[in-house]
Amino acid sequence: MSAAELPGASPELDGFVLGERIHAGPASDMFRVRRRAAGDVPLLMKRPRTTVGAGAAALIGFETEAMVLPFLGGPHVPTLVASGPLDRAPYLVFEEVEGSSLARLAEEAPLEASRVAELGAAIADALHDIHGQEAIHLDLKPQNVLIRPSGAAVLIDFGMAHHARCPDLLAEEKRFAAGSTPYVSPEQVLGRRTDPRSDLFALGVILYEMATGKLPFGVPQTVAGLRDRLWLEPVPPRALKPDLPPWLQEVILRCLEVDSAKRYQSAAHVAFDLRHPDQVPVTQRAARSRRAGVLAQARRWWASRPAPLREPADERAAEAPVVLVAVDTMHPDDPRHPAIRDAVARILSLSADFRLILVSVVHGEPVGGAGTEAGIHLEHTIRLRHWVEPLRLGSERRMSTHVIESLNPAAALLDFARHNNVDLIVIGAPHADLQALAWWRSVASAVTANAHCSVHVVRTPRG
5 MSAAELPGAS PELDGFVLGE RIHAGPASDM FRVRRRAAGD VPLLMKRPRT
55 TVGAGAAALI GFETEAMVLP FLGGPHVPTL VASGPLDRAP YLVFEEVEGS
105 SLARLAEEAP LEASRVAELG AAIADALHDI HGQEAIHLDL KPQNVLIRPS
155 GAAVLIDFGM AHHARCPDLL AEEKRFAAGS TPYVSPEQVL GRRTDPRSDL
205 FALGVILYEM ATGKLPFGVP QTVAGLRDRL WLEPVPPRAL KPDLPPWLQE
255 VILRCLEVDS AKRYQSAAHV AFDLRHPDQV PVTQRAARSR RAGVLAQARR
305 WWASRPAPLR EPADERAAEA PVVLVAVDTM HPDDPRHPAI RDAVARILSL
355 SADFRLILVS VVHGEPVGGA GTEAGIHLEH TIRLRHWVEP LRLGSERRMS
405 THVIESLNPA AALLDFARHN NVDLIVIGAP HADLQALAWW RSVASAVTAN
455 AHCSVHVVRT PRG
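In structure tokens:
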């Protein structure tokens, strides 16, 4: 059937010439279109189903997406070109995204752990991006993720989304407030739509699915089945795929915690762990080999009945910051070190959850007789750990150390910060009495001038 043959469709609409229909869903249809007055940029038009039997969900989802998308931009969402109002001819036109659907990749599951981590980190990057733009997707699933040839993820279909600056139509229509049942978070089951960590739960389901080829909670068909999400513990992934690395099970099961306070608090944290498996703190989650016993499950079920979950936190992703501290381990006696530590302690006291990253950029010269690359790396790693000891962060704090060899420290720090979604860089200002550290002066100024995030420059008084 051509576009013109669909009810309510026409060969041309507001200057867009409709082509083939490439998707027909229960709530909307998707067409290839071209703009008569423009070039050959590939475009897609999404039209909600308004025919008898389509239901109100199609229109509510369309209106939600039409409100949310203008607030979003960047490489992880489709570019909105135009839209038509509900009262005339509702449509949304996007630039077509070059890439493949994650759903096709999920059909090949189980995937290798490295591939699961790569895809998961890309999705987490996309979530971190939209969360930073005050949006929560709330319908994350493989069908709503596209993977560009570059490996970056693009999130599509924001019909279930929540945005802090938009009226939440779905919150007013409780029956439409949950996404696809296999991926819905426990708090969504209870009608809560303001917690970004709901997207991290859905990401955990996707990771589980790609790693094992199975869905952790099946496909519930009833409300009662969906409410099992409030207490039911999934079969540990390694019980289904014994060769799965323990660290990956740790990440997956942390995403799938019923209590959102026990999950990752930011998508950036998930991306970091998936890219740095050697830095993942392994707990009892990684050791699980079977689902909890009947008695333990019964206790969880009983606890879920009155009020199972904490109220969703009001804090946004920015309140679970990723803090990078540039530490000059080439000069361990540098008098700036205590001042930088004091500044870091004050910053971390403002957040109950954070990712602290200590980075040292070295030139590769032998240190303390350790002339090999491994010896240099080890020596500076030890110095980083000694540097952080006075902060007494404790086992609950999230901290990692990284030694980077580079002849351009500023570029190395900036690249690392961008790649790991850093929210704040802490760096020491040049010490006026230490002319030997002139290279660091250029580092501080270059980082401050070119960083994608905030930079806190720590100054020390002249001696």
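Using our numbering, the letters of the sequence shown correspond one by one to residues 5 to 467.
Just so you know, even glycine gets a beta-carbon here, dropped at the ideal spot from N, CA and C.
Bounds of the alpha helix (DSSP H) holding T216 are R201 to T216. Per DSSP, the unbroken beta strand (DSSP E) holding A86 starts and ends at L84 to G88.
The beta carbons of V459 and G432 sit no closer together than 7 angstroms. In this chain, the beta strand (DSSP E) harbouring R51 covers L47 to P52. A residue is called buried when at least 16 other Cβ atoms come within 10 angstroms of its Cβ; V426 meets this threshold and is buried. Comparing C-alpha distances from L17 to each of I351, A93 and R25 shows the shortest one belongs to A93.
Annotated three-state conformation of S118 is helix, per DSSP. Contact check between the stretch 181 to 191 and the stretch 205 to 215: three or more CB pairs, one atom from each, fall below 8 angstroms, which counts as touching. The DSSP-derived three-state label of H381 is helix. CA-CA distance, L47 to V101, rounds to 9 angstroms. Annotated three-state conformation of E24 is strand, per DSSP. In the DSSP assignment, V363 falls within the beta strand (DSSP E) that extends over R359 to V366. Ranking R258, L257, V158 and T333 by CA distance to the CA of H381 puts T333 first. The three-state reading of DSSP puts D33 in strand, counting E and B together.
Per DSSP, I408 is one residue of the beta strand (DSSP E) stretching across R402 to E409. The C-beta distance from V262 to L234 rounds to 7 angstroms, short enough to meet the 8 angstroms contact threshold. Here P281 is actually not in contact with A215; their C-beta atoms are around 13 angstroms apart, not less than 8 angstroms. CA-to-CA, the gap between S410 and S364 works out to about 10 angstroms.
In the DSSP assignment, I151 falls within the unbroken beta strand (DSSP E) covering V149 to I151. Around the Cβ of H367, a 10 Å sphere holds fewer than 16 other Cβ atoms; the residue is exposed.
Under DSSP, A330 shares a beta bridge with V363. Within the stretch 235 to 266, the runs of alpha helix (DSSP H) that reach at least 4 residues and sit entirely inside it are, in chain order, 241 to 244 and 250 to 259.
I429 sits in a strand when the DSSP states are folded into three classes. By the neighbour-count definition (other C-beta atoms within 10 Å, threshold 16), N412 is an exposed residue.
Rounded to the nearest whole angstrom, the CA to CA distance from K145 to A448 is 42 angstroms.
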